[in-house]
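Using the working numbering, the first residue of the sequence shown is number 2, and each one after it goes up by one.
We put the CB at the ideal spot given by N, CA and C, even for glycine.
The model shown is predicted, which means the values in this text are computed figures rather than measured ones.
Quick notes on the structure that follows.
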Amino acid sequence: PPLFQADDGIRDCLRGLVGSEMCIRDRLIFWVPALAKKGSPLHVRAGRIYVTAMYIVAVTAFFASIMVLVDPLGIRRPDDILDAAEAARLARRFRMFSLFLLMLSVLVFASLRHGIAALRERGQPGTLSRPSHRALIAALGLLAIAVGSIGLYTMQLLLIIFGGISLSAAISMFRDSRKPNPRRGDLVIAHLGGLIGSGIGAYTAFFAFGGSRLLADVLTGQWQVVPWVLPSIIGTIAISRLQRPYQRGQ
Numbered sequence: 002p003p004l005f006q007a008d009d010g011i012r013d014c015l016r017g018l019v020g021s022e023m024c025i026r027d028r029l030i031f032w033v034p035a036l037a038k039k040g041s042p043l044h045v046r047a048g049r050i051y052v053t054a055m056y057i058v059a060v061t062a063f064f065a066s067i068m069v070l071v072d073p074l075g076i077r078r079p080d081d082i083l084d085a086a087e088a089a090r091l092a093r094r095f096r097m098f099s100l101f102l103l104m105l106s107v108l109v110f111a112s113l114r115h116g117i118a119a120l121r122e123r124g125q126p127g128t129l130s131r132p133s134h135r136a137l138i139a140a141l142g143l144l145a146i147a148v149g150s151i152g153l154y155t156m157q158l159l160l161i162i163f164g165g166i167s168l169s170a171a172i173s174m175f176r177d178s179r180k181p182n183p184r185r186g187d188l189v190i191a192h193l194g195g196l197i198g199s200g201i202g203a204y205t206a207f208f209a210f211g212g213s214r215l216l217a218d219v220l221t222g223q224w225q226v227v228p229w230v231l232p233s234i235i236g237t238i239a240i241s242r243l244q245r246p247y248q249r250g251q
């Protein structure tokens, strides 16, 4: 099967995610708190704007994906007359990639919540270990396993890659939630990982769909995977570099 086809169904489903994110100053707001001095008024204000906007993006994508999962043909092809075989094929395809979007939206939401919970942990011990937060992390882990398994069964490389990334993120967040007395450095690292992780999810959606149209003539065949994995590579390097001072200080 092809590596991935951004067909009209899943692309339309993602327009809410990509379009909403474009309202955040073309995604540039992410870089304001990321580059501003940590703890400064600019960092705090811009961070709050980013978190609020991305919560809206994640919730919008969540409900868009649920709608397609429940009624894929009614949402994506309401006016088409299809035979039984074609209808079944399209329904499977739409549901598969709507499940991927569902996982991505939960990844963004959980990462945001984890990053904010890490900040509150010192003043409100137990914030990271709340049952509701752990349940959200568990949901992300289960979705990651489901998406990764579907990817292995259908040989969709991108589902395998991002199923693995999301499962790794869920495991990391769960480990943070189990630390009885986390040090300040641990909390800063969790905060950085959570917020940058949400940016990875958001930029992945943009580059995979909005960005892929811009790069369609340049990246063909197997190179189509580049816009998908690039945010993860850059984000992972950024997290690693930003964590070093806090790891050395422990």
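query: Touching by the beta-carbon criterion (3+ pairs, under 8 Å), the stretch 171–186 and the stretch 108–127; result: yes
query: Bounding residues of the alpha helix (DSSP H) (the contiguous stretch that carries M156); result: First-last for M156: undefined, no H or E at that position.
query: Coarse secondary structure for S130, derived from DSSP in three states; result: coil
query: Residue range of the unbroken alpha helix (DSSP H) whose run includes R96; result: 85–121
query: R77 and V69 closer than 9 Å at C-beta; result: yes
query: Nearest residue (CA-CA) to M55, options P132, A147, G200; result: G200
query: Where the alpha helix (DSSP H) through I40 begins and ends; result: Checking the sequence shown, residue 40 turns out to be Gly, not Ile. Element bounds for G40: n/a, residue is neither H nor E.
query: Contact belief for L103 with F63 at Cβ below 8 Å, rounded distance in angstroms; result: 7 Å
query: Burial state of I238, where buried means 16 or more other Cβ atoms lie within 10 Å; result: exposed
query: G165 vs G149 beta-carbon contact at 9 Å; result: yes
query: Nearest neighbour of P73, chosen from V52, V58, R96, R90 [CA to CA]; result: R96
query: DSSP state of R184 mapped onto helix, strand, coil; result: coil
query: Span separating the alpha-carbon of I190 from that of L43; result: 20 Å
query: The stretch 112–119 contacting the stretch 129–148, beta-carbon criterion three pairs below 8 Å; result: yes
query: Contact check, L100 vs I151, beta carbons under 9 Å; result: yes
query: Contact under 9 Å by Cβ, I240 with G202; result: no
query: C-beta contact flag for S106 and R179 at 9 Å; result: no
query: Reduced DSSP secondary structure (H/G/I, E/B, other) of I240; result: helix
query: For R78, the three-state DSSP class (helix, strand or coil); result: coil
query: Expected contact under 8 Å - CB spacing of L168 and I146 to nearest Å; result: 6 Å
query: Reduced DSSP category for G195 - H, G, I as helix; E, B as strand; rest coil; result: helix
query: Short Cβ contact (9 Å threshold) for I162 with S233; result: yes
query: Which of helix, strand or coil DSSP assigns to D72; result: coil
query: G124 in three-state terms, based on DSSP; result: coil
query: Nearest candidate by alpha-carbon position, reference T128, set V33, H192, V227; result: H192
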